[in-house]
Amino acid sequence: MSLLAGIQSPEDLKRLRRDQLPELAQDIRDRLIQCVSVTGGHIGASLGCVELAVALLYEFDSPTDKVLWDVGHQAYAWKILTGRNGAFPSLRTRGGISGFLKRTESEHDAFGAGHAGTAMSAAFGMATARDLQNRDYKVVAVVGDGALTCGLSYEGMNNAGHSDRDVILIVNDNGMSISPNVGAISKLLGSIVANPRANRLREHVKKLTLKLGDVFGHGVVDFAKNLEESVKNLFSPGMFFEEMGFRYFGPIDGHDLDKLCETLAFVRNMTGPRVIHVLTQKGKGFTFAEENQEKWHGLAAYDPLTGEARKKTSGPPTWTQVYGDSLVALGRERDDFVVVTAAMPSGTGTNIFQRAFPDRFFDVGIAEGHAVTFAGGLATQGVRPVCAIYSTFLQRAYDNIIHDIAVQRLPVVFCMDRAGLVGEDGQTHMGLYDIPYMLAVPGMTVTAPRDGRELMGLLRTALDHDGPFCTRYPRDKAPADPGDLATVPKVPYGSWDLVRPGRDLAILAVGTMVDPAVEAAEHLAAEGFEPAVVNCRFLKPTDDVMLESLLLTCRTLVVVEEGVVTNGF
Numbered sequence: 000m001s002l003l004a005g006i007q008s009p010e011d012l013k014r015l016r017r018d019q020l021p022e023l024a025q026d027i028r029d030r031l032i033q034c035v036s037v038t039g040g041h042i043g044a045s046l047g048c049v050e051l052a053v054a055l056l057y058e059f060d061s062p063t064d065k066v067l068w069d070v071g072h073q074a075y076a077w078k079i080l081t082g083r084n085g086a087f088p089s090l091r092t093r094g095g096i097s098g099f100l101k102r103t104e105s106e107h108d109a110f111g112a113g114h115a116g117t118a119m120s121a122a123f124g125m126a127t128a129r130d131l132q133n134r135d136y137k138v139v140a141v142v143g144d145g146a147l148t149c150g151l152s153y154e155g156m157n158n159a160g161h162s163d164r165d166v167i168l169i170v171n172d173n174g175m176s177i178s179p180n181v182g183a184i185s186k187l188l189g190s191i192v193a194n195p196r197a198n199r200l201r202e203h204v205k206k207l208t209l210k211l212g213d214v215f216g217h218g219v220v221d222f223a224k225n226l227e228e229s230v231k232n233l234f235s236p237g238m239f240f241e242e243m244g245f246r247y248f249g250p251i252d253g254h255d256l257d258k259l260c261e262t263l264a265f266v267r268n269m270t271g272p273r274v275i276h277v278l279t280q281k282g283k284g285f286t287f288a289e290e291n292q293e294k295w296h297g298l299a300a301y302d303p304l305t306g307e308a309r310k311k312t313s314g315p316p317t318w319t320q321v322y323g324d325s326l327v328a329l330g331r332e333r334d335d336f337v338v339v340t341a342a343m344p345s346g347t348g349t350n351i352f353q354r355a356f357p358d359r360f361f362d363v364g365i366a367e368g369h370a371v372t373f374a375g376g377l378a379t380q381g382v383r384p385v386c387a388i389y390s391t392f393l394q395r396a397y398d399n400i401i402h403d404i405a406v407q408r409l410p411v412v413f414c415m416d417r418a419g420l421v422g423e424d425g426q427t428h429m430g431l432y433d434i435p436y437m438l439a440v441p442g443m444t445v446t447a448p449r450d451g452r453e454l455m456g457l458l459r460t461a462l463d464h465d466g467p468f469c470t471r472y473p474r475d476k477a478p479a480d481p482g483d484l485a486t487v488p489k490v491p492y493g494s495w496d497l498v499r500p501g502r503d504l505a506i507l508a509v510g511t512m513v514d515p516a517v518e519a520a521e522h523l524a525a526e527g528f529e530p531a532v533v534n535c536r537f538l539k540p541t542d543d544v545m546l547e548s549l550l551l552t553c554r555t556l557v558v559v560e561e562g563v564v565t566n567g568f
């Protein structure tokens, strides 16, 4: 029987000897690879964090101690070890366990997550609450280096670092954002700074010198400390964190369980803000994921033996593919626009444009607010930005949209992928709010294409519009192959399309709801009704001429959209 089979809770894990932990880590990797091959999911970062999850549960006392995983992409091993191994095959399925952290799912999920950059702020909030309540537990935030491109991470660090709160930040550095460190000297300094003897010696020397007199003692202590910090920071990223108010430890090999456990045990018994810099390999232990880290960040079901997708792609392209192809077609026609995305070139399809026009493409990292205001700056100087961000992530930049774009009526085009229901990614990634929040923005044009060709047509219209413009489209395959995108004309601004004439009632359908509305109308026609179906591709402004005509001929109007009811179309 595998070691993992005997782990039902963190208490079971703590009963293992430390020399058994590498075997357990391999069991977890095997479990991850097999289960995610069926469900799909974010496997790359989770494979890289297996040892870290094991060590955290071995050295800390969850759920008394609070461990927060930023985003959640890294946390599959954590789920497996905290009582969810049996349910893990249901990952990202209806009624199954979430692909992200969820407080209602487990007491070990200290803080819900799905969007990047929240862990440090939430951890500092928990540490503050603990101190206000005179309670005793540790708070640990695990943040990937990718989330360190997110401004919220630094806001939390700035607040926590200049306090006396007992809070631990673990930076999971898989080499995707933070630069590699300088070889042997950096490793040596990492060993020294985490050595209990070295730290005890430093404290003893400090106490001794203080007894020798205020002036002499403080001078010696300050000189020794400054010398240590100067040499250490010369070779490692420690200076940045130390200046933020965190005691720095590392870099540590994130796959060396002995080293991880020793470091965590030592740092756990300290107080104040401290940071452990852990180096991991994304996709560790699975060749396909190691060799193509971007592809294997998150993907659909696959064959674990070949790495190939279980479902061969066939039929029409996805909306994302059509969007990327449309940008390239437009890029060949005109050179007055650029594309901006926030760490999602592949997810938004803008990597197609990036390959064709690298000088006109800008990936600003996980910084949606910055992406929007950066686009605003471009627009003031006559460059037309097309800003491609998931619907759920653009929520994070709402003030920037209003204050920096709409108030100034800047011609920025917002393309919101993953609009509507997104299935497996769960509630944190649903694109259900963009219709209400964009309709409320002054001067914002709000659109939703019926199909791929209409998406291209709306992009043409958007690039010629003098003001903010947005369009939304889902994760799914487009209804049909759009054909030659270069031949698609502009969509007349503010126009609707009467898809099916009728009387009795009019179905006002938005975007991808048009085709289901047509199908529903055919069923109603078989019952003796004559419903009209309208493609309301412009939600704002509305086609008042057609709307007035419908009100004269139809007794009832029915709106069909994919979003929340409150403040919808």
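Residue numbers (numbering that gives the first Met the number 0): 0 to 568. Positions of the beta carbon are idealized from the N, C-alpha and C atoms, including for glycine. Keep in mind that this is a model prediction, so the values were computed, not measured.
Endpoints, the alpha helix (DSSP H) within which residue i is located
| i | result |
| --- | --- |
| methionine 119 | 118 to 131 |
| isoleucine 167 | Unbroken run through isoleucine 167 is the beta strand (DSSP E), 166 to 172; no alpha helix (DSSP H). |
| leucine 523 | 513 to 525 |
| isoleucine 434 | 433 to 438 |
| asparagine 158 | 150 to 160 |
| threonine 460 | 451 to 462 |
| phenylalanine 352 | 350 to 355 |
| leucine 12 | 9 to 13 |
| isoleucine 42 | 42 to 47 |
| tyrosine 492 | Element bounds for tyrosine 492: n/a, residue is neither H nor E. |
| alanine 74 | Where alanine 74 is concerned, there is no enclosing alpha helix (DSSP H), given that its DSSP letter is neither H nor E. |
7 Å Cβ shell around residue i - same chain, five flanking residues per side excluded
| i | result |
| --- | --- |
| proline 491 | none |
| serine 325 | Leu454, Met455, Leu458, Leu484 |
| phenylalanine 123 | Gly155, Asn158, Ala159, Arg164, Val166 |
| leucine 3 | Leu23, Asp26, Ile27, Arg30, Asn84 |
| aspartate 543 | none |
| alanine 355 | Val327, Gly330 |
For residue i, the nearest candidate out of the options (CA to CA)
| i | options | result |
| --- | --- | --- |
| leucine 31 | Arg502, Glu526, Gly282, Ala341 | Gly282 |
| phenylalanine 582 | Met156, Phe360, Val321 | The requested residue 582 is not part of the displayed model; the chain covers only 0 to 568. |
| methionine 512 | Leu2, Val412, Val558 | Val558 |
| aspartate 302 | Gly145, Gly39, Ala341 | Gly39 |
| glutamine 7 | Thr81, Gly113, Phe285, Thr555 | Thr81 |
| glycine 562 | Leu497, Asp496, Ile434, Ile506 | Ile434 |
| histidine 276 | Leu151, Ala140, Cys386, Trp318 | Ala140 |
| isoleucine 79 | Gly43, Trp318, Cys34 | Cys34 |
Three-state secondary structure assigned by DSSP to residue i
| i | result |
| --- | --- |
| lysine 186 | Because the pLDDT at lysine 186 is just 45, under 50, the model does not fix this residue reliably, and the value given afterwards should be weighed accordingly. In this structure, lysine 186 counts as helix in the three-state DSSP scheme. |
| cysteine 469 | strand |
| methionine 415 | strand |
| threonine 555 | strand |
| aspartate 252 | strand |
| alanine 112 | coil |
| alanine 479 | coil |
| threonine 446 | strand |
| phenylalanine 528 | coil |
| phenylalanine 245 | coil |
| glycine 94 | coil |
| glycine 85 | coil |
| methionine 430 | With the sequence shown as reference, residue 430 is identified as glycine, and methionine is not the correct amino acid for it. Here glycine 430 sits in strand by DSSP. |
Extent of the continuous beta strand (DSSP E) to which residue i belongs
| i | result |
| --- | --- |
| isoleucine 27 | Careful: isoleucine 27 lies outside any beta strand (DSSP E), inside the alpha helix (DSSP H) at 20 to 38. |
| leucine 507 | 504 to 508 |
| aspartate 362 | 360 to 362 |
| glycine 5 | Here glycine 5 belongs to no beta strand (DSSP E), and DSSP marks it neither H nor E. |
| lysine 539 | 537 to 539 |
| leucine 497 | 496 to 499 |
| phenylalanine 59 | That residue, phenylalanine 59, is in no beta strand (DSSP E); it is neither H nor E in DSSP. |
| glycine 143 | 138 to 143 |
| asparagine 534 | 531 to 534 |
| leucine 67 | 65 to 68 |
| phenylalanine 99 | No beta strand (DSSP E) holds phenylalanine 99; DSSP gives it neither H nor E. |
| phenylalanine 568 | Neither: phenylalanine 568 is in no beta strand (DSSP E) and is coded neither H nor E. |
| valine 338 | 336 to 340 |
Proximal residues to residue i (C-beta, below 6 Å), its chain only, five neighbours per side dropped
| i | result |
| --- | --- |
| glutamate 241 | Tyr247 |
| asparagine 399 | Gly368, Val371, Thr372 |
| lysine 65 | Ala109, Met125, Val138 |
| arginine 417 | Tyr389, Ser390, Gly430, Arg474 |
Close Cβ partners of residue i (< 8 Å) along its chain, the five nearest in sequence each way excluded
| i | result |
| --- | --- |
| arginine 17 | Tyr57, Leu256, Asp257, Cys260 |
| valine 382 | Asp335, Phe336, Val337 |
| alanine 86 | Gly95, Ile96 |
Cutoff 8 Å: residue i Cβ touching any chain B Cβ
| i | result |
| --- | --- |
| serine 390 | Considering every chain present, this structure includes no chain B. It has just one protein chain. |
Item to complete: Quick one: which unbroken alpha helix (DSSP H) runs of 4-plus residues sit fully inside the segment 274 to 322? Chain order, please.
Response: 286 to 290
Worksheet item: Enumerated in chain order, which unbroken segments of the alpha helix (DSSP H) with a length of 4 residues or greater are wholly contained in the segment 374 to 428?
Response: 390 to 393
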